[in-house]
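Last residue of the sequence shown: number 210 in full-length UniProt numbering, and the count goes up by one each step with no gaps.
Backbone N, C-alpha and C fix where the C-beta goes; we use that ideal spot for every residue, glycine too.
Below is one structure, written out as structure tokens; comments come after it.
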Amino acid sequence: MPETYTAFFYGTLLHPKILQGVIGHPGQDLQICPALILEHTRHQIKHADYPAMLPYTQSSALFSQELKVDDRTVRGTLVKGLSDSDIALLDQFEGDEYTLEKVQVHPLKPFKPLSSSSPNDIPLDPPPLPPLDELPAPIEAKTYIWAGKLSDLRPDLWEYADFMRYNAAKWIKDTNPVAAEHQRGIDGTHTVTKEIIVTDEGKQVKVTIE
Numbered sequence: 001m002p003e004t005y006t007a008f009f010y011g012t013l014l015h016p017k018i019l020q021g022v023i024g025h026p027g028q029d030l031q032i033c034p035a036l037i038l039e040h041t042r043h044q045i046k047h048a049d050y051p052a053m054l055p056y057t058q059s060s061a062l063f064s065q066e067l068k069v070d071d072r073t074v075r076g077t078l079v080k081g082l083s084d085s086d087i088a089l090l091d092q093f094e095g096d097e098y099t100l101e102k103v104q105v106h107p108l109k110p111f112k113p114l115s116s117s118s119p120n121d122i123p124l125d126p127p128p129l130p131p132l133d134e135l136p137a138p139i140e141a142k143t144y145i146w147a148g149k150l151s152d153l154r155p156d157l158w159e160y161a162d163f164m165r166y167n168a169a170k171w172i173k174d175t176n177p178v179a180a181e182h183q184r185g186i187d188g189t190h191t192v193t194k195e196i197i198v199t200d201e202g203k204q205v206k207v208t209i210e
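Listed below in structure tokens is the structure:
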């Protein structure tokens, strides 16, 4: 049986249409649930809609004071059953700004099929963090950790609710799921937009516009 992978998503890929657009299929064989990772922070990237996540041991240099536990906790989704080809497409989407690393993730609810998930499954105003000693046992998963410069990050914590309110429409098309990744140019003076488009026939087209 081919090896499969479990991954934690915390940014634009929280939206099921964007994730499905990147991997090129609706995820009939994938399972998803809400989850969280402790002692990490999720940051605004300068000139980008998408976030960066770092262990708090690295990101603490961005803050003038110690963060509360809730702010050192990143909420996201846990997806299991990803194939080698899924991971290859995700690697391509994330680019060299991130490295794929192993982390310990706490699932918060039972898994359900990704193909039946909805953007409404991700609350814009999540419930309070449960007591740490009441969290379910962690699951080992892979996630994309920021590999760029710390100076490219803002101290501001990235919020999924803000992305949905102000930027998601740029990434989503109702007829064709589209994932658009905005990256800073090498010289920092322009923006590169990468789009992964899935047509009704399931074909995938990647376009880079500078």
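- Under the three-state reduction of DSSP, L19 is assigned to helix.
- Taking all protein chains shown into account, K17 has 16 or more neighbouring C-beta atoms within 10 Å of its C-beta and is therefore buried.
- Distances from the CA of T143 to each of D49, L78, P34 were compared; the closest alpha carbon is that of L78.
- Bridge pairing for M53: R42 [DSSP].
- Membership of L82 in any alpha helix (DSSP H) is not indicated; the residue belongs instead to the beta strand (DSSP E) covering 73–82.
- Residues of the same chain with a CB within less than 6 angstroms of the CB of K109, apart from the 5 flanking positions on each side, are C33, P34 in chain order.
- Per DSSP, reduced to three states, the secondary structure at E101 is strand.
- Straight across, the Cα-Cα distance linking G76 with R42 is about 10 angstroms.
- Secondary structure note for A141: its beta strand (DSSP E) is the uninterrupted segment 139–146.
- Distance from the CA atom of T99 to the CA atom of E159, rounded to whole angstroms, is 21 angstroms.
- When C-beta atoms of the stretch 79–93 are compared with those of the stretch 3–22, three or more pairs fall below 8 angstroms, so the two segments count as touching.
- Close CB contacts of V103 within its chain, under the 7 angstroms cut and outside five residues either way in sequence, are with F8, I37, A141, T143 (chain order).
- If you ignore the 5 residues before and after S117, its C-beta comes within less than 7 angstroms of the C-beta of P16, I32, all in its own chain and listed in chain order.
- Short of 7 angstroms from the beta carbon of M164, and not among the five residues preceding or following it, lie these beta carbons of its own chain, in chain order: L124.
- With contacts defined as CB atoms closer than 8 angstroms, L62 and L129 fail to qualify as a contacting pair.
- Where A48 is concerned, there is no enclosing alpha helix (DSSP H), because DSSP gives it neither an H nor an E.
- Annotation: L90 to D29 spans about 17 angstroms, alpha carbon to alpha carbon.
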